[in-house]
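Worksheet: one structure, shown below.
In UniProt numbering, the protein residues as written are 1 to 133.
This is how it looks when you write it as C-alpha cells:
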C-alpha cells in the first residue's frame, strides 16, 4: 500500500458550504478508492446521493485500515471497513458519483464547523437526489 500524508480538512469557504466526495469510476471493484473532496453550496451542488448508515463498532484505525486518496494524490483519509464497503457498492464503472457521507463530511475536531454544519443536515438530505440509510 502506498504511503500518503495524513489528510487534513480544508476550512469551509462559507458557513453554508457542504463537502461532497467525487467517487471516481474504476474498472474493477478492487481498484483503490479515489475520492476528491469538494466544497459546494447547497442548491448549487451537482446531483448527489446522501448516505447515512450504522457506522458499526467505533474502533481505532490502524495503518492497515482502508483509505481513500484525496484529489492531490498525496494525502489519504483512513476509513472504516463499513465506509469502504459502502463506497465500493456505490462506485460506478462508467462515471464518477457525487456523494455526501455523514461519516466524512464534517471535520469532527472543529467545534465551530460542527455548530455550523449539524443544523444543515435536514436540508442536505432534502436536496439530495436520493438518500440511502
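Even for Gly, the Cβ is constructed at its ideal location relative to N, Cα and C.
Asked                                                                                                                                                            : Found
To which residues does DSSP link residue 49 through a beta bridge?                                                                                               : 99, 130
Classify residue 123: buried if its beta carbon has 16 or more other beta carbons within 10 angstroms, exposed otherwise.                                        : exposed
Thinking residue 96 and residue 23 are a contact (beta carbons under 8 Å), I'd like their distance in whole angstroms, please.                                   : 6 Å
In the structure shown, what three-state DSSP assignment does residue 125 receive?                                                                               : helix
DSSP on residue 112, reduced to helix/strand/coil?                                                                                                               : helix
Report all residues from its chain with a CB closer than 8 Å to the CB of residue 17; omit the five preceding and five following residues, and keep chain order. : 39, 40, 41
With distances taken from CA atoms, which of 107, 9, 48 is nearest residue 100?                                                                                  : 48
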